[in-house]
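J.: To convert, note that position 36 of the sequence shown is 38 in my numbering; the numbers rise steadily by one, no gaps. Just passing along the structure, written as structure tokens.
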Amino acid sequence: MNRRILLVGIVVAFLAVLGLVFTSGLVLARWWPSDSRPRIANTAAVVTQIQALSQVVTVKYV
């Protein structure tokens with residue numbers, strides 16, 4: 003049971019850090035020139051994939 007709580011805590015913390023990185027990326031996108039926006043869009047796609055993978059890990063191991 004303690005291991006399950008620990009795993010859930012790690013995944014939640016991981017998602018929180020990703021959310022902060024993504025949010026700061028969106029804020030910076032307003033300040034950067036429009037040339038950098040495709041990079042931000044790619045970052046959003048990567049973050050979405052990582053979140054999907056972390057959900058799979060959570061379902062599989064918890």
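Glycine included, each C-beta is placed from N, C-alpha and C at the ideal position. Note that the structure is predicted; figures quoted are calculated from it, not measured.
(1) CB-CB under 7 Å to T45, same chain, minus the five flanking residues each way: which ones, in chain order?
(2) Do the CB positions of V13 and S56 come within less than 8 Å of each other?
(3) Ignore the nearest five residues each way along the sequence and tell me which others in L20's own chain have a CB closer than 7 Å to its CB.
T.: With the structure as the only source:
(1) Here the question's residue 45 lines up with position 43 in the sequence shown. Cβ neighbours of T45 beyond the five flanking positions: G27.
(2) Within the sequence shown, the letter at position 11 stands for residue 13. Within the sequence shown, the letter at position 54 stands for residue 56. If you check the CB distance, V13 and S56 come in under 8 Å.
(3) As a position in the sequence shown, residue 20 is number 18, starting the count at 1. Within the same chain, L20 has close Cβ partners V49, I52 and Q53.
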